[in-house]
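Below you'll find the structure, written out as structure tokens, and then a few comments.
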Amino acid sequence: MSSIDASYLEQPNPIIGVCQLTCTVDKDKNFQISRNLIEKAKNKGAKVIFLPEAVDYIGESKQQSIDMAEDLNDITISKYQDLAKQLGVWISVGGFHQKVKDEKRVLNTHVMIDNTGEIKSTYNKTHLFDLDIPGKVRLCESDYTVPGDTMVSPVETPVGKVGLSICYDLRFPEMSTALAKEGADILTYPSAFTVPTGMAHWEVLLRSRAIETQCYVVAAAQTGKHNEKRQSYGHAMVVDPWGTVIAQCREGTDVCVAEIDLSYLKSVRANMPIWSHRRPDLYGEIQNLSKSTGCSVDNEEKYQFGHFASLRPAERLCDLSPTEISDLFNTVQTVSNVIKKHFNGTSLTVAVQDGKDAGQTVMHVHVHILPRREQDIPNNDDIYHELEKHDKVMLQSDMRSEEEMEKESSELRKYFNS
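Note that our numbering has the sequence shown beginning at -1, numbered continuously upward.
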């Protein structure tokens, strides 16, 4: 009887673990509970294990939440790094109170640690829940949390590319769409949802993000009563790219596991090709603006200030995608505001050089921004003749020295680096 060729057997899909617990002000106890859940998930075969928002602690007051914060290299994250290395698993620390220098507030930081204990990525929560109804209620996360100012690209892990978010970010589908466009297979929403909003919206939002991006959605969660003032909804779960809940924690402290089947994800996208059906010509592109596309101001010494380092050649305006055109003119607007302010201009002339017959001396589409003042050129239509004469004079003899240009560059640079 012939033996079975093992090469014909499919490799099993990787497994993730998703944790649910009730954190308090006791950091050591919180870590020990998290450790137990991580070990359980590891024993069930999980390669990547997800913890909820505020897994380090949940304070009993705003001031306590600020006072208990740590640096990224302090004991709490170090303990999770050691644990990841010891168990040989990736750990998503879904929300950590990170100290901010010279600030009386904290960052809410999602930390992704690999199986060697190295921090692979961090994301600071960008969307903060602020509710201020005079005379009735004030719940403002921004009172004690500094909003993040960037999205981070999806992280390559043993279970696929993971997009990092936190809790309230769930309500903003633009962010999940941008992460999916960057290649995310899995979107994470570690959370501490309140009970009323959780009952009304939690599962609906998670399934919606999965359906519209065709990604797996992973949502570790705080649950139960943390203190006299605060209680969380729980219901940590995993949703597949079709919008089906494939794993969910029971009430109380628990961990659930789920397979991540990237071949299934690909089949969902192939059978429902929504990405190729989008109409950015009608409603624009959604993209991660933290990651430059098109052109960006380059601070490297090899480029003179005011010049742009193109990511690809584009000789004509029509060569640019809608996203790149949006990026170009957003940049023009930013630079225009600086130019007008610095040179005390009252108006601007903005000209696009689109092709060699439009005056291009370098073969890529570019924009000239000229600050204007009242009656600087009495007949405005003469501006192009004046510019042509100016260029000829400059080419003949009167070019400024590199020192003069560098001095002006330094003065302008500070507007963009502040």
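Just so it is clear, CB atoms sit at the ideal spot from N, CA and C, and this is done for glycine as well.
All figures in this text were calculated on a predicted structure; none of them were measured in a lab.
| said: Looking at P152: is its Cβ nearer than 8 Å to the Cβ of G146? | reply: Against the sequence shown, residue 152 aligns to sequence position 154. Against the sequence shown, residue 146 aligns to sequence position 148. For the 8 Å CB-CB criterion, P152 and G146 do not form a contact.
| field | C-alpha gap between K38 and W273, whole angstroms | value | Walking along the sequence shown from the start, residue 38 turns up at place 40. Walking along the sequence shown from the start, residue 273 turns up at place 275. One C-alpha to the other measures close to 38 Å.
| Helix, strand or coil: which one does DSSP assign to S294? | For the purposes of this step, residue 294 is taken as the residue at position 296 of the sequence shown. With a pLDDT of only 37 at S294, under the threshold of 50, the placement of this residue in the model should not be trusted; the figure read from the coordinates follows. Strand at S294.
| task | Since I believe G86 is in contact with V253 (beta carbons under 8 Å), could you give me their beta-carbon distance rounded to a whole number of angstroms? | result | Your numbering for residue 253 matches position 255 in the sequence shown. Your numbering for residue 86 matches position 88 in the sequence shown. A Cβ-Cβ distance of about 17 Å is found for the pair V253 and G86, leaving them out of contact under the 8 Å criterion.
| Exposure of A307, with buried meaning 16 or more beta-carbon neighbours within 10 Å | Looking up residue 307 in the sequence shown gives position 309. Legend: pLDDT at A307 = 48, less than 50; position of this residue unreliable, no value from coordinates given.
| message | If distances are taken between C-alpha atoms only, which option among A178, T143, I164 comes closest to G158? | response | Taking the first residue of the sequence shown as 1, we reach residue 158 at position 160. It is A178 whose Cα lies nearest to the Cα of G158.
| task | Take T22 and list the residues in its own chain whose beta-carbon comes closer than 8 Å to its own, dropping the five residues that flank it on each side. | result | As a working mapping, residue 22 is identified with position 24 in the sequence shown. Taking T22 as the centre and dropping the five residues before and after it, the same chain places the C-beta of N28, Y55, I56, H224, N225 closer than 8 Å to its C-beta, in chain order.
| task | In the DSSP assignment, find the alpha helix (DSSP H) that holds Y78 and state where it starts and stops. | result | Taking the sequence shown and counting its residues from 1, the one referred to as residue 78 is at position 80. First-last of the alpha helix (DSSP H) with Y78: 73 to 85.
| task | At 4 residues or longer, and completely inside the stretch 229 to 271: list those alpha helix (DSSP H) runs for me, N to C. | result | The alpha helix (DSSP H) runs of length 4 or more contained entirely in the stretch 229 to 271 are, from start to end of the chain, 260 to 269.
| query | What's the C-alpha gap between A234 and W200? | reply | Start at 1 with the first residue of the sequence shown, and residue 234 comes out as number 236. Start at 1 with the first residue of the sequence shown, and residue 200 comes out as number 202. Rounded to the nearest angstrom, the gap between the Cα atoms of A234 and W200 is 10 Å.
| query | Under 8 Å between the Cβ atoms of T221 and G250? | reply | If you number the sequence shown from 1, residue 221 lands on position 223. If you number the sequence shown from 1, residue 250 lands on position 252. Yes.
| task | Indicate the three-state DSSP secondary structure (helix, strand or coil) for T20 in the structure shown. | result | Within the sequence shown, the letter at position 22 stands for residue 20. Looking at T20 - three-state DSSP - the assignment turns out to be coil, as it is neither helix nor strand.
| message | By alpha-carbon positions, which one of G133, L137, T211, T143 ends up nearest to L168? | response | Your numbering for residue 168 matches position 170 in the sequence shown. Closest option to L168, Cα to Cα, is T211.
| Which residue's Cα is closest to the Cα of L326: D380, V348, H340, N342? | Counting from one through the sequence shown, the residue named residue 326 turns up at place 328. When the alpha-carbon of L326 is set against those of D380, V348, H340, N342, the nearest one is in V348.
| Who pairs with M110 in a beta bridge, going by DSSP? | The sequence position of residue 110 within the sequence shown is 112, counting from 1. M110 pairs with S90, S119.
| message | Quick check on DSSP: helix, strand or coil for E406? | response | Residue 406 sits at position 408 when you count from the first residue of the sequence shown. Note: E406 maps to helix in three-state DSSP.
| query | Apart from the five residues just before and just after P171, which ones in its own chain have a Cβ nearer than 7 Å to its Cβ? | reply | Walking along the sequence shown from the start, residue 171 turns up at place 173. Hits under 7 Å: R207, E210.
| field | Residue burial classification, C138 (beta-carbon count within 10 angstroms, cutoff 16) | value | As a first step, residue 138 must be located in the sequence shown, where it is residue number 140. Under the 10 Å beta carbon count, C138 is surrounded by fewer than 16 other beta carbons and is classified as exposed.
| Three-pair Cβ contact test at 8 Å for the stretch 256 to 266 versus the stretch 78 to 95 | No: the two stretches stay apart, fewer than three of their Cβ pairs being nearer than 8 Å.
| request: Use the C-beta contact count for D112: other C-beta atoms within 10 angstroms, 16 or more gives buried, fewer gives exposed. | output: Working through the sequence shown from its first residue, we reach residue 112 at position 114. Label assigned to D112: buried.
| query | By the 10 Å Cβ neighbour count, where 16 or more other Cβ atoms means buried, how is D130 classified, buried or exposed? | reply | Locating residue 130 in the sequence shown gives position 132, counting from the first residue. Exposed, since its Cβ has fewer than 16 Cβ neighbours within 10 Å.
| Endpoints, the beta strand (DSSP E) within which A219 is located | Counted from its first residue, the sequence shown places residue 219 at position 221. Start and end: 219 to 223.
| said: Can you list, in chain order, the residues of its chain with a C-beta nearer than 8 Å to that of E409? Leave out the 5 residues immediately preceding and following it. | reply: Here residue 409 refers to the residue found at position 411 of the sequence shown. Excluding residues up to 5 positions away in sequence, H340 lie with their Cβ nearer than 8 Å to the Cβ of E409 in the same chain.
| To the nearest angstrom, how far is it from the Cα of I323 to the Cα of P132? | The count along the sequence shown starts at 1 and reaches residue 323 at position 325. The count along the sequence shown starts at 1 and reaches residue 132 at position 134. The alpha-carbon atoms of I323 and P132 are separated by roughly 42 Å.
| request: Please report the Cβ distance between V104 and I75, rounded to the nearest whole angstrom; I am assuming they are in contact, meaning their Cβ atoms lie under 8 Å. | output: Position 106 of the sequence shown holds residue 104. Position 77 of the sequence shown holds residue 75. Between I75 and V104 the Cβ distance is about 14 Å, and since that is not below 8 Å, they are no contact.
| request: Using the DSSP secondary-structure output, state which residues sit across from L185 in a beta bridge. | output: Here residue 185 refers to the residue found at position 187 of the sequence shown. According to DSSP, L185 shares a beta bridge with G161, V215.
| query | Less than 7 Å between the CB of F170 and some heavy atom of the ligand ZN, yes or no? | reply | The model depicted lacks the ligand ZN and carries no ligand whatsoever.
| message | Check for me: the beta strand (DSSP E) holding L129 runs from which residue to which? | response | In the sequence shown, counting from the first residue as 1, residue 129 sits at position 131. Looking at the DSSP string, the run of the beta strand (DSSP E) that includes L129 is 128 to 131.
| message | For R276, which residues in the same chain have their Cβ closer than 6 Å to its Cβ, ignoring the five residues on either side in sequence? | response | The residue you call residue 276 lines up with position 278 of the sequence shown. Cβ within range, chain order: n/a, list empty.
| Exposure of M197, with buried meaning 16 or more beta-carbon neighbours within 10 Å | Position 199 of the sequence shown holds residue 197. With fewer than 16 other Cβ atoms within 10 Å, it is exposed.
| Closest residue to P188 among A176, V336, Y166, T148 (Cα-Cα distance) | Working through the sequence shown from its first residue, we reach residue 188 at position 190. Residue Y166 is the option with its Cα nearest to P188.
| Distance between K45 and N11 (C-alpha atoms, nearest Å) | In the sequence shown, counting from the first residue as 1, residue 11 sits at position 13. In the sequence shown, counting from the first residue as 1, residue 45 sits at position 47. In this model, N11 and K45 are separated by some 11 Å (Cα to Cα).
| query | By the 10 Å Cβ neighbour count, where 16 or more other Cβ atoms means buried, how is N335 classified, buried or exposed? | reply | Indexing the sequence shown from 1 puts residue 335 at position 337. The residue is exposed, with fewer than 16 neighbouring Cβ atoms inside 10 Å.
| field | 6 Å Cβ shell around Q79 - same chain, five flanking residues per side excluded | value | Within the sequence shown, the letter at position 81 stands for residue 79. Excluding sequence neighbours, Q79 sits near I111, G115.
| said: Which of the three DSSP states is assigned to Q30 in this structure? | reply: What you label residue 30 is simply residue 32 of the sequence shown in a count that begins at 1. Q30 falls in the helix class under three-state DSSP.
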